[in-house]
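Undergrad: Here you go, one structure.
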Amino acid sequence: MSINMNQTDKPNRHFSRRTFIKSSVGLATSAVAGGGLIRSVKAQSQFGEYIPYDSKNDFHYTIRYGTREIIEHNHPGMDPTGEKFRFVRLKYPGGDWWTNLVNYYRWQSDLMFTQVLAENTAIDVDVRDHPQYVEIDDPWIFDYPMLYMTGHGRRNTMRFTNDQLNKFREYFERGGFLHVEDCDIRYERFWPQVQTMMKRIYPDKKFERLDLTHPIYHTLYQHNEYLGGDKLIPSYDFDQAIMDDDGKVMVYFCPNDLNCAWEGRVCSPGGEEQRQWAFRQGMNVVAYALTR
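Be aware that the sequence shown starts at -1, since it is given in our numbering, and climbs by one per residue.
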């Protein structure tokens, strides 16, 4: 399946992972200009905490229409050159961290987005056969300049330990970037948990509303109107962020679920134009994370 971004010009400049990773033990922000980039336990329920885990092969899986769908635990060795950008999801303790990864609708969302990112930008993307995830306890967590996180927060509360939150703080202080989405903010369950998590990490920092003039809406595609993901919820028609000490976004929060649009769900009220906006904004966010 291919998503047409109606793109007319793709630059030839190669975007190497070396431009944003200083070493194997730390993250670094980049001075590259963004404009050049365009080109186990049985499942309790869909929103339960666990999906089956294959310890021998180190991946989670689910059975959909008789097909085993794999969600791979990403390790640095999966990209021996260390050159490629990997879009990885954070597996967090408590909640349905795998939302939209098991093809409940049309596509595996992160996998589709990774393919679109590779096809429409000059970012050197590590496109794999299966969606990828990491855990906050992984010692190689600092190899990833950006992490993605989503869920519903329906049944379980995020259960980060103090040590895990300290690891998160270190991740941010090394230059890491977190993209967070609420799969449906109308339930008012996941978003409060995200706020609590960040309050525990940075007691003095607050989420701030992002204006559409912010560079995160203009790194690759010019977005002067907010269309959302698969939904545009009244009173939540804007994103929020936590800034680092230099005033740049380090945690980006979207309440309107780009990921469900990436999964192929019907987008309302804007239809396919809204889906295209969701893919493009996702690419904007990646470019911002790699060049801020």
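Virtual Cβ for every residue (Gly too), placed ideally from N, Cα, C.
If you're wondering where the values come from, they're calculated on a predicted model, not measured in any experiment.
Return yes when the Cβ of Gln272 is within less than 8 angstroms of the Cβ of Leu210, no when it is not.
TA: Cβ distance not < 8 angstroms, so Leu210 and Gln272 don't count as in contact.
Undergrad: Can you tell me where the beta strand (DSSP E) with Lys89 in it begins and where it stops?
TA: Residues 87 to 89.
Undergrad: Starting from Tyr63, trace the alpha helix (DSSP H) in both directions and tell me its first and last residue.
TA: From DSSP, Tyr63 is part of no alpha helix (DSSP H); its letter is neither H nor E.
Undergrad: Helix, strand or coil: how does DSSP classify Cys258 here?
TA: Helix at Cys258.
Undergrad: May I have the straight-line CA-CA distance separating Gly134 from Asp161, to the nearest angstrom?
TA: For clarity, residue 134 is Ile in the given sequence; the question names Gly instead. Cα to Cα, Ile134 sits roughly 10 angstroms from Asp161.
Undergrad: Within 10 Å of its beta-carbon, does Glu223 have 16 or more other beta-carbons around it, so buried, or fewer, so exposed?
TA: The residue is exposed, with fewer than 16 neighbouring Cβ atoms inside 10 Å.
Undergrad: Around the C-beta of His58, are 16 or more other C-beta atoms found within 10 angstroms, so that it is buried, or is it exposed?
TA: His58 should be labelled buried.
Undergrad: From the beta carbon of Ser266, is the nearest beta carbon of chain B less than 8 angstroms away?
TA: Among the chains in the structure shown there is no chain B, since it carries only a single protein chain.
Undergrad: Please classify Thr217 as buried or exposed, where buried requires at least 16 other C-beta atoms within 10 Å of its C-beta.
TA: When all chains shown are included, Thr217 counts as buried.
Undergrad: Do you know offhand how far Gln44's Cα is from Val264's?
TA: With a pLDDT of 43 at Gln44, under the threshold of 50, the predicted position of this residue should be treated as unreliable, though the coordinate-derived value follows. Each residue's Cα considered, the two are about 19 angstroms apart.
Undergrad: Could you give the residue range of the alpha helix (DSSP H) that holds Ile199?
TA: Per DSSP, Ile199 belongs to the alpha helix (DSSP H) from 188 to 199.
Undergrad: Is it right to say Lys40 is buried, meaning 16 or more other beta carbons lie within 10 angstroms of its own, or is it exposed?
TA: Unreliable placement is indicated for Lys40, whose pLDDT of 40 sits below 50; the coordinate value is still reported in the next sentence. Exposed, since its Cβ has fewer than 16 Cβ neighbours within 10 Å.
Undergrad: Based on Cα-Cα distance, which residue from Asp52, Arg167, Trp189 lies nearest to Thr155?
TA: Closest by alpha carbon: Trp189.
Undergrad: Around the Cβ of Met195, are there at least 16 other Cβ atoms within 10 angstroms (buried) or fewer (exposed)?
TA: Buried: at least 16 other Cβ atoms inside 10 Å.
Undergrad: Indicate whether Phe83 and Ile49 have their beta-carbon atoms separated by less than 8 angstroms.
TA: Cβ atoms of Phe83 and Ile49: not closer than 8 angstroms.
Undergrad: Give, in chain order, every unbroken run of the beta strand (DSSP E) that is at least 3 residues long and sits entirely within the segment 201 to 288.
TA: DSSP runs (the beta strand (DSSP E)) wholly in the segment 201 to 288: 238 to 241, 247 to 252.
Undergrad: Between the Cα of Met144 and those of Gly92, Phe166, His221, spot the shortest distance and give me the residue it belongs to.
TA: Comparing Cα-Cα distances from Met144 to each of Gly92, Phe166, His221, the minimum goes to Phe166.
Undergrad: If you follow the alpha helix (DSSP H) that Phe170 is part of, which residue opens it and which one closes it?
TA: That run of the alpha helix (DSSP H) goes 160 to 171.
Undergrad: Is the CB-CB distance between His177 and Thr97 below 8 angstroms?
TA: Against a cut-off of 8 angstroms, the Cβ pair of Thr97 and His177 comes out as no contact.
Undergrad: Given that a residue counts as buried once 16 or more other Cβ atoms are within 10 Å of its Cβ, and exposed if not, what is Lys229?
TA: Lys229 comes out buried.
Undergrad: Thinking C-alpha only, which one of Arg198, Pro74, Gln220, Ser107 is nearest Tyr146?
TA: Per the Cα distances, Ser107.
Undergrad: Hey, out of Ile139, Gly64, Glu270, Trp95, whose CA is closest to Gly75's CA?
TA: Cα-wise, what sits closest to Gly75 is Ile139.
Undergrad: Excluding the 5 residues preceding and the 5 following Tyr234 in the sequence, name in chain order all residues of the same chain whose CB lies nearer than 7 angstroms to its CB.
TA: The answer, listed in chain order, is Ile183, Pro253, Asn254.
Undergrad: According to DSSP, is Asp180 part of a helix, a strand, or is it coil?
TA: In the structure shown, Asp180 sits in a strand (DSSP, three-state: E or B).
Undergrad: According to DSSP, simplified to helix, strand and coil, what is Ile134?
TA: Residue state, collapsed to three classes: coil.
Undergrad: I need the straight-line Cα distance from Ala285 to Leu256, nearest angstrom please.
TA: Their Cα atoms are separated by approximately 16 angstroms.
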